[in-house]
Structures are given as C-alpha cells and as structure tokens.
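Residue numbers (the UniProt record's numbering): 1 to 96.
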C-alpha cells in the first residue's frame, strides 16, 4: 500500500503516484520512510495533494520531490529540519 502513496529512488521522492481516488478521495499519511533516509507526511483532498512535509533524517545535498507534472529540487537539507510544501509543490517554510 505504501507504494501507491510514495515511491522513492535515486534521491527522488514521488508523492501520491498511484492514489486510488475513488477509494481514498481524501486522507493523510504520516511518517512514511523514503529511500535516502527521509520521512514523509502528506495530506490530500479530492484526490489532490494539499501539503507535504519532508524530514531528512541525515544531512543531504539535494532531494527531488515530484507530484504529477511538478518537480521541486531541495538543496542542502539539514537533518532534523522539516521542509513544508504546499499543493503547488512549493517550499513554504522549514522548521526544526
């Protein structure tokens, strides 16, 4: 089930790649682990990503986050900081 919500490889994290909209039109998931030592949480409504949080569990040079046809490259990620993304896959803020 995790693979329909999150896929990751080669420092790329894809959000909601195969969400079954008819079955789960809205929901959230917290604490999914992604390859590269990340923890990911996300919320969706009407089958559309509303927000996401990326938490690197170790310092990272970069991470590419993908949702539908949008792509965001985050650089110089610090362990323990949460990177908050909006529905447009834009970084809104980071917090510790």
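All residues carry an ideal CB built from backbone N, CA and C; glycine is no exception. Computed from a predicted model, the values in this text were never measured in an experiment.
Check: Looking only at C-alpha atoms, which of 93, 94 and 89 sits nearest to residue 16?; Outcome: 89
Check: Three or more C-beta pairs under 8 Å: does that hold for the segment 30–42 against the segment 1–18?; Outcome: yes
Check: Taking just the CA atoms, how far does residue 40 sit from residue 59?; Outcome: 15 Å
Check: Could you spell out where the beta strand (DSSP E) holding residue 54 opens and where it closes?; Outcome: 48–56
Check: State the DSSP-derived secondary structure class of residue 4, mapped to helix, strand or coil.; Outcome: helix
Check: Apply the 10 Å Cβ neighbour rule to residue 81 and answer buried if 16 or more other Cβ atoms are within range, or exposed otherwise.; Outcome: exposed
Check: Need the endpoints of the beta strand (DSSP E) that residue 43 sits in, please.; Outcome: 38–45
Check: Would you mind sorting residue 63 into buried or exposed? The rule is 16 or more other CB atoms within 10 Å of its CB.; Outcome: buried
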